Amino acid sequence: MEQGIVAREQIPVLIDIQGVRKVYPTQVGEVVALDGIDLRIRQGDIYGIIGMSGAGKSTLIRCINRLDAPTEGRILIDDRDILLMKRRELLKMRRSVAMIFQQFNLLMQRTVLGNICFPLEISGMPRAKALVRAHELLEIVSLQDKAKAYPAQLSGGQKQRVAIARALATEPRVLLCDEATSALDPLTTQSILALLQDINRRMGITIVIITHEMPVIRQICTRVAIIDDGRIAEKGDVSKVFAHPKTAAARRLFLGAQEEIPTGKRCVRIAFTDTDTYEPVVANMILACGVPVNILSGSIQRVAGQQRGQMLIELPDDPKGAQRALDYLATQNVTVEEVSGDVPE
Amino acid sequence: MFLNELWAALVSVWEALPGLWNLTIGGVWETLYITFASTAFAYILGIPLGIMLVVFRKDHLIPSPRTRSLLDVIVNILRSVPFLILMIAAIPLTRLVVGTSIGTTATIVPLVVASFPFVARTVESSLLEVDPGVIEAAQAMGANRFQIVCKVILREAVPGLVNGAALATTAILGYTAMAGAIGGGGLGAIAINYGYYRFRTDVLWFAIVELVLLVQGIQFVGTRVSRLLDHRQR
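First to last, the protein sequences are chains L and R.
Just so you know, the first sequence maps onto residues 821 to 1165 in this note's numbering.
Just so you know, the second sequence maps onto residues 5 to 238 in this note's numbering.
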């Protein structure tokens, strides 16, 4: 982990988002969709941007290829400000920043092959060459047998594979995924995420994923930014942010909205990783301190290849007992954070 | 008794058919010529106009709401003038284009003037059916506006455009009959001249049957072709 952080500074920044604001004028006044977003996405990242619906994540990803123009701020791709680009440059830039969508957005009147050839066709590649490339891409997404099929004959997962092949046709450096798995069932989501990870590793394509689904971030992202009400609430390494969510927005996303801390009670949040998951920490604490505790919630999730556990426990009302429990936990190999009932939500 | 009379009637109709056919066949060809030529010219004007009515919308490819509302008003004005009046009003234009205001070819001019706004509307509604997400995907791929119109919007709308074309062709066929009443050619002229002025009810009915069959045929072909070209299902 530590050496990963050192190396990270040396990886070139591919997408640099600086102070991006997006304001929509409406009849009832201005709506601020993005309010000062700063993000640095480095080459080879699988960068997850997560937030509740309406948080502004969709607007943000559309700013990265300028389908939507920010009101203020700068977006640099490869050190070039895309907001200053002329139309021709912009169209050229979009060939290296591909995008896939929740609803796949395939051309319904073209076959699978025709869809994959489309971006090559508009970039002026000769048809014969485009067909060769399209067949290669079909192999990458394992849909060789569907070349002549029309999108209407495919399942959701197959459609998204076609969309991915189409996005990869122009050999982009970045792949933007706009809720790409939100219309798919969990099993198909897994296979699409595995494909994206494979593409990232084999071709070195930087991937930006926006989603409202935690499992997507957990499964493949290396970095995460939590967007809440048009601002970045928290960002960093996925494993770090998961282990120590600092903000209410992060906790809400990671732990689920159902978590409620009873007012006036002293509670602690314990976070642990696989090395200590096997030790019955809480049971040991009860035995060692002789105090009863109430387990309010707990979960174990696999994050970036590591088991991560969270547990929220309510300390006994007796201050001495509570102190003993805290002292005991401090000696254990777990992260302890005291939270009180009036935690800002 | 009754059966005998019915049989006799059927025989006389049967015997009259070749005569009626010979009398009207020229009209059938004229009607087809006027209809298809007018439809073709109406589409030459209507497709660009329909495209403009779509892409100039404020959330579309080339937002220019003012130009669009101007076009919208023009289309509405042209569509609200009754065909018979428009045809008379168009006589100077017809003379200018064709050289005369009577006859088969002269009918085409007012028909085109009357039908291209309607065609533009059917084109507009077909193009609006194209999923905006697909247009956005093409934009994200770096397609320019011309490519998006030709390769995405028009291409994706083909089944709807074909259906609309069948609708427009049959509507124009209906108009040709009216044009026949005031000096145009075709089946309409025959129906009026024989059926109305000379009391030949048989000719009138025969012409009506032929018109019905033409409309059926065009509609049938249109629906079939549209279904054949539509890959959204199956």
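A virtual CB, placed ideally from N, CA and C, is assigned to each residue, including glycine.
Keep in mind the model is a prediction, meaning the values are calculated, not measured.
Can you tell me the Cα-Cα spacing of residue i and residue j, whole angstroms?
i: Pro1164/L; j: Pro1065/L; result: In this predicted model, Pro1164/L has a pLDDT of only 42, less than 50, meaning its place in the structure is not dependable enough to derive any value.
i: Ala144/R; j: Arg908/L; result: 13 angstroms
i: Ile881/L; j: Ala181/R; result: 57 angstroms
i: Leu11/R; j: Ala20/R; result: As written in the sequence, residue 11/R is Trp, which differs from the Leu given in the question. Roughly 14 angstroms separates the two Cα atoms.
i: Leu963/L; j: Gly876/L; result: 34 angstroms
i: Gly1056/L; j: Val127/R; result: 51 angstroms
i: Gln1152/L; j: Pro1035/L; result: 29 angstroms
i: Lys949/L; j: Val219/R; result: 46 angstroms
i: Phe921/L; j: Ile1029/L; result: 10 angstroms
i: Thr846/L; j: Arg72/R; result: 22 angstroms
i: Val138/R; j: Val59/R; result: 14 angstroms
i: Ile1052/L; j: Ile157/R; result: 37 angstroms
i: Gly1118/L; j: Arg1144/L; result: 22 angstroms
i: Gly849/L; j: Ala110/R; result: 57 angstroms
i: Lys62/R; j: Arg70/R; result: 9 angstroms
i: Arg841/L; j: Pro1136/L; result: 47 angstroms
i: Ile942/L; j: Arg1043/L; result: 33 angstroms
i: Gly30/R; j: Val225/R; result: 23 angstroms
i: Trp33/R; j: Ala169/R; result: 20 angstroms
i: Pro163/R; j: Met919/L; result: 27 angstroms
i: Ile106/R; j: Ile222/R; result: 27 angstroms
i: Val101/R; j: Val166/R; result: 29 angstroms
i: Ala141/R; j: Gly103/R; result: 50 angstroms
i: Gln1078/L; j: Thr1067/L; result: Any reading at Gln1078/L is ruled out, since the residue's pLDDT is 49, under 50, leaving its predicted position unreliable.
i: Arg236/R; j: Glu133/R; result: 12 angstroms
i: Asp1147/L; j: Asn1104/L; result: 13 angstroms
i: Tyr200/R; j: Phe6/R; result: 31 angstroms
i: Ile857/L; j: Gln838/L; result: 6 angstroms
i: Ala161/R; j: Gln830/L; result: 49 angstroms
Is it true that the CB of residue j sits closer than 8 angstroms to the CB of residue i?
i: Gly977/L; j: Ile1012/L; result: yes
i: Met1131/L; j: Val1102/L; result: yes
i: Leu24/R; j: Phe210/R; result: yes
i: Ser1002/L; j: Glu959/L; result: no
i: Leu834/L; j: Val994/L; result: yes
i: Leu65/R; j: Arg149/R; result: yes
i: Val917/L; j: Pro832/L; result: no
i: Leu933/L; j: Lys979/L; result: no
i: Arg1128/L; j: Thr1093/L; result: yes
i: Val1113/L; j: Ile1106/L; result: yes
i: Val961/L; j: Ala985/L; result: yes
i: Tyr970/L; j: Thr931/L; result: yes
i: Val207/R; j: Ile194/R; result: yes
i: Ile902/L; j: Leu911/L; result: no
i: Leu191/R; j: Thr28/R; result: yes
i: Val851/L; j: Thr891/L; result: no
i: Ala1063/L; j: Ala1091/L; result: yes
i: Ile884/L; j: Ile866/L; result: no
i: Tyr179/R; j: Ser84/R; result: no
i: Arg828/L; j: Arg862/L; result: yes
i: Leu75/R; j: Val117/R; result: no
i: Gly184/R; j: Arg914/L; result: no
i: Ile1037/L; j: Thr1031/L; result: yes
In terms of DSSP beta bridges, what is residue i paired with?
i: Ser1119/L; result: Gln1130/L
i: Cys772/L; result: Any property of residue 772/L remains undetermined from this structure, which presents chain L solely from 821 to 1165.
i: Ile1210/L; result: Within the shown structure, residues of chain L are numbered from 821 to 1165, placing residue 1210/L beyond reach of any answer.
i: Arg1087/L; result: Looking at the sequence provided, one finds Cys at residue 1087/L rather than Arg. Answer is Glu1134/L and Val1159/L, bridged to Cys1087/L.
i: Ala181/R; result: Paired residue(s): none; Ala181/R is not in a bridge.
i: Leu859/L; result: Ile837/L
i: Tyr201/R; result: Its beta-bridge partners do not exist; DSSP assigns none.
i: Glu892/L; result: Arg841/L
i: Leu217/R; result: Beta-bridge pairing links Leu217/R to no other residue.
i: Val852/L; result: Val843/L
i: Ile1052/L; result: Ile1047/L
i: Thr1093/L; result: Arg1128/L
i: Arg900/L; result: Ile897/L
i: Asn1114/L; result: Glu1134/L
i: Asp1057/L; result: Arg1043/L
How close, in whole Å, do the beta carbons of residue i and residue j come, if the pair is a contact with beta carbons under 8 angstroms?
i: Thr98/R; j: Pro114/R; result: 6 angstroms
i: Leu940/L; j: Thr990/L; result: 7 angstroms
i: Ile1133/L; j: Cys1087/L; result: 7 angstroms
i: Asn935/L; j: Val982/L; result: 6 angstroms
Check: If you scan the stretch 87-124 of chain R from start to end, which runs of the alpha helix (DSSP H) of 4 or more residues do you find wholly inside it?
Finding: 87-93 and 95-102
Margin query: At 4 residues or longer, what runs of the alpha helix (DSSP H) sit wholly inside the stretch 942-1022 of chain L?
Written below: 947-960 and 976-988
Checklist line | Those runs of the alpha helix (DSSP H) which lie wholly inside the stretch 51-84 of chain R and span at least 4 residues | finding: Restricting attention to alpha helix (DSSP H) runs no shorter than 4 residues, the stretch 51-84 of chain R encloses them at 69-84, ordered along the chain.
Notebook entry, point to check: Going along the chain, which residues of the stretch 48-70 of chain R sit with their C-beta nearer than 7 angstroms to a C-beta in chain A?
Noted result: The structure shown contains no chain A; its protein chains are L and R.
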